[in-house]
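Below: one structure, written as structure tokens.
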Amino acid sequence: MDVTLRSLRFRKEREESWRNLEELLDRAERNAPSSLTDDEMLAIPALYRAALSSLSVARATSLDQALIDYLEALSARAYFFVYGARTSLKERAIRFFAIDWPVAVKDIWRETVVAALITFAGALTAYLLVSAEPDWYAAFVSTDMASGRDPSASTEYLRNTLYDKPDGAETLSVFATFLFTHNAQIAIFAFALGFAFCGPTSLLLAYNGCALGAMFAVFASRGLGFEFAGWILIHGVTELLAVILAGAAGLKIGWSIAFPGDESRIAAAERSGRQGAIVIVGVVVMLFIAGLLEGFGRQLINSDALRYTIAAVSAAIWFSYFYRGDRRGLDRP
Amino acid sequence: MASIALNRDNDPGIRSLVTPEGVDLRVRLAPVSERGVALLIDLAIIVGSLIAITLAIGALLTQLKFAETWPAAQIVWMLGFFLLRNFYFTIFECGRRSATPGKRLIGLRVVARDGAALTADAVVARNAMRELELYLPLYFLFARGESIEAWIILAGIVWCGIFVLFPFFNRDRLRAGDFIAGTWVLKAPKQILLVDLTTEKPADAEYAFQPAQLDVYGVKELQVLEQVLRTAEPEAMLAVADQIRAKIGWKTRPSESDRAFLSAYYASLRRRLEQRLLFGKRKRDKHDLS
Chain A
359 MDVTLRSLRF
369 RKEREESWRN
379 LEELLDRAER
389 NAPSSLTDDE
399 MLAIPALYRA
409 ALSSLSVARA
419 TSLDQALIDY
429 LEALSARAYF
439 FVYGARTSLK
449 ERAIRFFAID
459 WPVAVKDIWR
469 ETVVAALITF
479 AGALTAYLLV
489 SAEPDWYAAF
499 VSTDMASGRD
509 PSASTEYLRN
519 TLYDKPDGAE
529 TLSVFATFLF
539 THNAQIAIFA
549 FALGFAFCGP
559 TSLLLAYNGC
569 ALGAMFAVFA
579 SRGLGFEFAG
589 WILIHGVTEL
599 LAVILAGAAG
609 LKIGWSIAFP
619 GDESRIAAAE
629 RSGRQGAIVI
639 VGVVVMLFIA
649 GLLEGFGRQL
659 INSDALRYTI
669 AAVSAAIWFS
679 YFYRGDRRGL
689 DRP
Chain B
7 MASIALNRDN
17 DPGIRSLVTP
27 EGVDLRVRLA
37 PVSERGVALL
47 IDLAIIVGSL
57 IAITLAIGAL
67 LTQLKFAETW
77 PAAQIVWMLG
87 FFLLRNFYFT
97 IFECGRRSAT
107 PGKRLIGLRV
117 VARDGAALTA
127 DAVVARNAMR
137 ELELYLPLYF
147 LFARGESIEA
157 WIILAGIVWC
167 GIFVLFPFFN
177 RDRLRAGDFI
187 AGTWVLKAPK
197 QILLVDLTTE
207 KPADAEYAFQ
217 PAQLDVYGVK
227 ELQVLEQVLR
237 TAEPEAMLAV
247 ADQIRAKIGW
257 KTRPSESDRA
267 FLSAYYASLR
277 RRLEQRLLFG
287 KRKRDKHDLS
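Here is the structure:
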């Protein structure tokens with residue numbers, strides 16, 4: 359065999375260590391990394407650096423394109439393995455709830471205020487319109503969603519919808535699941551819409567507020583305003599806050615793309631996008647809690663006082679969790 | 007960079023990714039077509055899973071008492087649908103290969119644009135945008151309406167088109183999700199170490215090329231020759247062999263096969279060019295007279 363060719367000799371000398379790295383990566387990616395022994399785990403970075411140096415040498419001295427292609431693919435694969443994050447799910451979850459999520463939420467407080475104002479403006483508009491002219495109701499609340507709770511319903515019927523006795527616990531869990539998936543979908547949608555320069559997100563938030571304001575107007579016109587608010591707020595504190603936060607994360611993205619400030623547009627978009635993603639994962643968790651409160655709590659708890667207490671306590675918990683002192687110190691090791 | 011093969015320098019799909027060790031990995035962007043195919047595979051898996059869940063629930067319902075299992079069945083289906091729609095992509099891309107089954111099959115992976123570790127929040131961000139780029143257009147596409155509604159749907163489709171076609175309007179082929187997450191999708195080919203062509207047949211004395219016969223070509227031609235030999239198409243080999251024979255004034259022997267001639271010439275040319283490379287001279291192509 360002709361081994362006087364330098365590049366071929368080079369390949370013969372190193373080939374085994376490349377194959378070795380390839381095999382370790384195969385196993386580490388297919389099974390959990392724990393299937394490798396400690397020695398094997400430690401060998402990967404060393405073999406990776408050897409492959410990188412082979413790549414440099416090959417580029418400088420070998421004209422075998424197939425060899426260079428192989429080494430590029432192998433080095434890139436090993437690079438992503440060696441420099442990929444290696445935190446366990448548990449560590450990540452703890453860090454998320456202790457630092458990442460509250461910090462991200464606190465960071466977008468301006469957008470949160472704007473999103474809340476848009477929602478309340480929607481609610482107020484719908485309330486005034488429906489109070490003045492009940493025909494407006496159909497424009498804000500679809501017949502599906504109203505399910506009989508419209509201006510033509512009797513006061514007795516409306517009262518019953520607030521204190522209905524549930525049929526059984528099982529249907530409640532179905533209802534809770536439906537509410538959770540439905541609301542979470544809307545929250546994610548509101549976030550994604552932010553990409554289109556805030557407009558659609560604002561409309562969605564306003565529409566969300568409109569439905570609320572319109573229904574409140576109907577109940578308030580029968581003297582059931584206080585009872586309706588209790589019925590809404592038991593879960594609404596959590597749910598509304600979650601939707602407002604999702605909208606705020608969307609607004610933040612749209613705003614940073616439109617007005618990136620000192621950063622480049624792409625860097626600003628990236629920062630707000632990743633921050634928004636943290637917020638949105640938390641929002642899904644909040645909506646899960648809201649779904650439980652709405653599906654179970656609201657149907658099982660019929661006392662106004664208790665409903666208001668739960669609403670107040672959940673508001674206190676969320677606000678102190680998100681907006682209490684500075685957590686950034688924790689962020690730095 | 008002088009050390010990089012010439013025929014790839016002008017490739018618009020190559021991006022540099024410099025490792026902390028200072029080596030440029032020269033990664034390759036995934037073409038939009040391949041990403042589209044990967045997406046179709048993933049959508050097929052999602053729809054297939056939904057059908058499987060539905061059938062499994064249906065089968066269970068016929069076996070068990072309907073009233074008792076119906077609520078549980080509804081919950082499983084709703085949660086299954088929600089998780090598949092929103093977290094199928096996220097969960098797989100958070101995994102060790104940073105790729106959904108579709109991407110893995112096609113040989114792609116998601117990578118942070120700055121080359122750092124791909125974080126979970128970036129993956130969540132890029133996939134939350136699918137709501138706008140994938141599900142909303144699908145919704146509009148299947149929506150039906152008359153008169154004014156039809157116009158609204160049409161306007162919706164046009165509007166969504168901006169997000170769907172986003173990857174075609176930037177040079178890194180970013181979709182909106184990649185844009186806000188700081189990621190891009192790269193090719194992650196299965197690396198296969200092909201045989202070195204010079205080991206194929208020892209260059210015997212029969213094929214002794216003169217230095218002048220070797221100096222007519224450069225690296226670019228060598229790599230084209232490598233391609234021809236690896237593809238091994240008889241017609242291409244005949245054409246290339248004839249061209250080289252004419253150029254170097256080679257007298258064809260009666261029993262000489264094209265492949266043997268090309269192999270021998272490849273080995274000699276590569277030896278010659280690599281020798282010059284060691285002295286810092288890279289003859290780029292036949293026009294390079296250095």
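Chains as they are written, first to last, in the numbering used here: chain A, 359 to 691; chain B, 7 to 296. For each residue, glycine too, the CB sits at the ideal point set by N, CA and C.
Separation of residue 213 of chain B and residue 101 of chain B (C-alpha to C-alpha, rounded to the nearest whole angstrom) is 53 Å. Counting every other CB atom within 10 Å of its CB across the protein chains shown gives residue 422 of chain A a total of 16 or more, marking it as buried.
Runs of alpha helix (DSSP H) with 4 or more residues, each lying fully within the segment 80-150 of chain B, are found at 107-112, 126-134, 142-148, listed in chain order.
With contacts defined by Cβ atoms closer than 8 Å, residue 93 of chain B and residue 138 of chain B do not form a contacting pair. In the DSSP assignment, residue 475 of chain A falls within the unbroken alpha helix (DSSP H) covering 467-490. Close CB contacts of residue 157 of chain B within its chain, under the 6 Å cut and outside five residues either way in sequence, are absent.
In this structure, residue 380 of chain A sits near residue 432 of chain A, with a CB-CB distance shorter than 8 Å. With a beta-carbon spacing of about 7 Å, residue 192 of chain B and residue 114 of chain B fall inside the 8 Å limit used to define contacts. Non-local beta-carbon contacts of residue 24 of chain B in its own chain, meaning distances under 8 Å to residues more than five positions away in sequence, involve 30, 31, 121 in chain order. Against chain B, a Cβ distance below 7 Å from residue 532 of chain A picks out 77, 80, 81. Taking a 10 Å sphere around the C-beta of residue 611 of chain A, we find 16 or more other C-beta atoms and assign the residue as buried. Sixteen is the threshold: since fewer than 16 other Cβ atoms of the shown chains lie within 10 Å of the Cβ of residue 253 of chain B, the residue is exposed. Burial check for residue 293 of chain B: the Cβ neighbour count within 10 Å stays below 16, so the residue is exposed. Of all residues in the segment 40-74 of chain B, none has a C-beta nearer than 7 Å to a C-beta of chain A. Here the alpha carbons of residue 555 of chain A and residue 546 of chain A stand approximately 16 Å from one another.
With respect to the 8 Å criterion, residue 504 of chain A and residue 650 of chain A are not classified as neighbours on the basis of their beta carbons. In this structure residue 489 of chain A is in contact with residue 575 of chain A, their Cβ atoms being roughly 5 Å apart against a cut-off of 8 Å. For the C-beta of residue 364 of chain A, the chain B residues within less than 7 Å are, from N- to C-terminus, 280. Excluding residues up to 5 positions away in sequence, 596 lie with their Cβ nearer than 7 Å to the Cβ of residue 647 of chain A in the same chain. Per DSSP, reduced to three states, the secondary structure at residue 23 of chain B is coil, with no helix or strand assignment. Boundaries of the alpha helix (DSSP H) around residue 68 of chain B: 38-69. Residue 414 of chain A has a beta carbon lying within less than 8 Å of a beta carbon in chain B. Among the residues of the segment 175-197 of chain B, those with a Cβ less than 7 Å away from any Cβ of chain A are 182, 185, 186, 187, 188, 194, 195, 197, in the order of the chain. About 7 Å separates the beta carbon of residue 644 of chain A from that of residue 599 of chain A, a gap short enough to meet the 8 Å contact definition. Pairwise C-beta distances place the segment 453-464 of chain A in contact with the segment 629-637 of chain A, as three or more of them are shorter than 8 Å. Taking the C-beta atoms as reference points, residue 383 of chain A is found nearer than 8 Å to residue 436 of chain A. Looking at the backbone, the Cα of residue 411 of chain A and that of residue 85 of chain B are separated by about 49 Å.
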